Amino acid sequence: MSMRPIWIADDDQSIRFVLEKAFQRQGWITRSFKSAHEVTAALRTSADEDWPLVLVSDIRMPGESGLDLLARIKAQHPDLPVIIMTAYSDLDSAVSAFQGGAFEYLAKPFDVPKAVELVERALAQRQGALSSDIPVGAGVSEMLGQAPAMQEVFRAIGRLSQSQVTVLITGESGTGKELVARALHKHSPRSNGPFVAINTAAIPKDLLESELFGHERGAFTGAQTMRRGRFEQADGGTLFLDEIGDMPFELQTRLLRVLSDGQFYRVGGHTPIRSNVRVIAATHQHLEQRVRDGLFREDLFHRLNVIRLRIPALRERLEDLPLLTHHFLQQAAQQLGGEPKRLSPAALDCLAAFAFPGNVRQLENVCHWLTVMAPAQVVDANDLPPEILQVQSQLTPAVGVHTLADGASAASDPIERKAASPMLQSPVAVAVHKEGIDWPTMAQIEAKALLEKSEPMPVWDHMVQILERHLIRAALEKTGGRRVEAAQILGIGRNTITRKIQELGL
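Position in the sequence shown (from 1) plus 754 gives the number in the working numbering.
Below you can see the structure in the form of structure tokens.
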């Protein structure tokens, strides 16, 4: 392959290894260095065909720092895009690096797909367009889900496919809001344009304005060159504003003006720039409450809240747990080498019992952990990470968290609705459980609480499925997982128990 390499500079061998493997899977050639000194020496001696297309460098390395290396490269080779890796505590340092000419910074710990995406963007910017000799990944990770709650999300994406309307995506952290935003872009009339994402919570306040709208040369100390902001980079495509609820109040005014007038000014600029961008915003926060608290502009909220799409938490789609774990274990095996691990039924039960506050992202991390740390090819319950085993050990035999924390499998339409609360997450059910009230009474109280909610939900299906999960899991435990015997002692047919196991994601 005649393509020039991507250079990686980091004194941490594990970081170099992970990035090398990720970049090589994209078809990119890589070359790695332990220090800034090695990079500088290689820049002096490399032939044209070995010259880097992009440099990914850590800030903190022995000897010369990544910031010093950046300054030298920008002075001598201004066209070379440099992506700076930095710990979150180093973000203040990254601000000066950013203003000094870094293409982007990658905050540690980082998601590997994010690193790949940044390199793709750097390649695209350098060459003006993605050249045919640069292999690029699909850019949109596969969205998986057979649970009714996720099927509703897929239907909503389909209904919005011919629209360019502003969408507000809500959901807990780790539920896959950016994946949904990418899918909305991919299936929209703007699919041939760029998809540009920015996490407004991860960028320091004094840098965010320049990051969004760009700046003119000399607009502030360190602004040595003109920089195009994300609105300009996304021209003709989609701009994804993640964690919009954390945007500083004063910047909300500027964003509202762009959405209202369709134009903006770079920092330090006097010429208006037209904005041809579809905005998709996302937040894990309750924006209505932030409006009431005076932390979010009400007019901006209504401007963004044209269509609201709610992404279900993992506990609301436990039917998808086997599918997701299989996918992530396959993915981890491809990335790290070796055969994919498999989960035993007991391990799957333990995972189903865990609340997963980090949702699908946390499940993906668990699968990567298991791929590295689990001793056998078939992962048993005892092989699971300590944080999951610790919760499991606290459960009582009679009341399993994996049952009582199950969400409604038939969730409401994600557009303009909120899904039902998981059973034992309601304050009433938690209270009666602590008081030792028998489970039929607790179920009756929970049913009354659900029926009194203002939002419609399939209460019957919700309660019946919780009971069915209890019965089938108890029977399978008694028979050691033998389905035919479990069906016999429950008094149901073997076809029925097989269908129920599939429907309930057991």
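Just so you know, even glycine gets a beta-carbon here, dropped at the ideal spot from N, CA and C.
As the structure is a prediction and not an experimental result, all values here were calculated from the model.
**Message:** Starting from Ala861, trace the beta strand (DSSP E) in both directions and tell me its first and last residue.
**Reply:** Glu858 to Lys862
**Prompt:** DSSP three-state call for Val1060: helix, strand or coil?
**Reply:** coil
**Prompt:** So, do the segment 1027-1039 and the segment 1079-1093 have three or more beta carbon pairs nearer to each other than 8 Å?
**Reply:** no
**Item:** Stretch-stretch touch, CB-based, cutoff 8 Å, three pairs: the segment 1060-1069 with the segment 903-913
**Value:** yes
**Item:** Among Gly990, Thr992, Phe994 and Gly968, the one whose alpha carbon lies nearest that of Arg982
**Value:** Gly968
**Message:** The beta strand (DSSP E) that contains Trp1123, what's its start and end?
**Reply:** That residue, Trp1123, is in no beta strand (DSSP E); its alpha helix (DSSP H) goes Asn1113 to Met1127.
**Message:** I'd like to confirm the pairing. Which residues does DSSP put opposite His969 in its beta bridges?
**Reply:** Arg981 and Val1021
**Request:** Please name the residue or residues paired with Asn1030 in a DSSP beta bridge.
**Result:** According to DSSP, which records beta bridges pairwise, Asn1030 is partnered with nothing at all.
**Request:** Just confirm the distance between the C-beta atoms of Ala951 and Phe994, as a whole number of angstroms; I'd bet it's less than 8 Å.
**Result:** 4 Å
**Prompt:** In angstroms, rounded to a whole number, what distance separates the CA positions of Trp805 and Thr840?
**Reply:** 24 Å
**Asked** If you draw a straight line from the alpha carbon of Leu1221 to that of Gln900, how long is it in whole angstroms?
**Response** 21 Å
**Prompt:** Which residue or residues does DSSP assign as beta-bridge partners of Phe949?
**Reply:** Thr992
**Asked** So what's Asp766 in DSSP terms, helix, strand or just coil?
**Response** coil
**Request:** Check the DSSP bridge columns for Val810 and list the partner residues they point to.
**Result:** Ile762 and Ile837
**7 Å Cβ shell around Arg770 - same chain, five flanking residues per side excluded** = Ile762, Asp764 and Ser786
**Message:** In this structure, how does DSSP classify Arg1011 when only helix, strand and coil are distinguished?
**Reply:** helix
**Request:** Given a cut-off of 8 Å, decide if Leu914 and Ile1061 are closer than it, judged by their beta-carbon atoms.
**Result:** yes
**Message:** Quick check: the Cα distance between Glu792 and Ser800, rounded to an integer number of angstroms?
**Reply:** 12 Å
**Message:** Using a 10 Å radius around the Cβ and a threshold of 16 neighbouring Cβ atoms, would you call Gln1256 buried or exposed?
**Reply:** exposed
**Request:** Would you kindly work out how many angstroms separate the C-alpha atoms of His1081 and Ser1014, rounded to a whole number?
**Result:** 42 Å
**Message:** On the DSSP bridge list, what partners appear for Phe1082?
**Reply:** Answer is none; Phe1082 lacks a bridge partner.
**Asked** If you drop the 5 nearest sequence neighbours on each side, which residues of the same chain put their C-beta closer than 6 Å to that of Leu922?
**Response** Ala1035, Leu1058, Asn1059 and Arg1062
**Request:** Excluding the 5 residues preceding and the 5 following Leu1097 in the sequence, name in chain order all residues of the same chain whose CB lies nearer than 7 Å to its CB.
**Result:** Thr1079 and Val1133
**Beta-carbon contacts of Trp782 that lie in its chain and below 6 Å, excluding the five residues immediately before and after** = Ile760
**Residue burial classification, Ser811 (beta-carbon count within 10 angstroms, cutoff 16)** = buried
**Item:** CA-to-CA distance, Cys1104 to Gln1261, given in whole angstroms
**Value:** Any answer about residue 1261 is impossible in this case: the structure gives the chain only from 755 up to 1260.
**Message:** Can you give me the C-alpha to C-alpha distance between Val1238 and His1216, rounded to a whole angstrom?
**Reply:** 26 Å
**Request:** Report the residue from Gly991, Gly990, Gln1006 and Met757 whose alpha carbon sits nearest the alpha carbon of Glu997.
**Result:** Gln1006
**Prompt:** Taking the Cβ atom as the reference point for each residue, do Thr992 and Arg944 lie within a distance shorter than 8 Å?
**Reply:** yes
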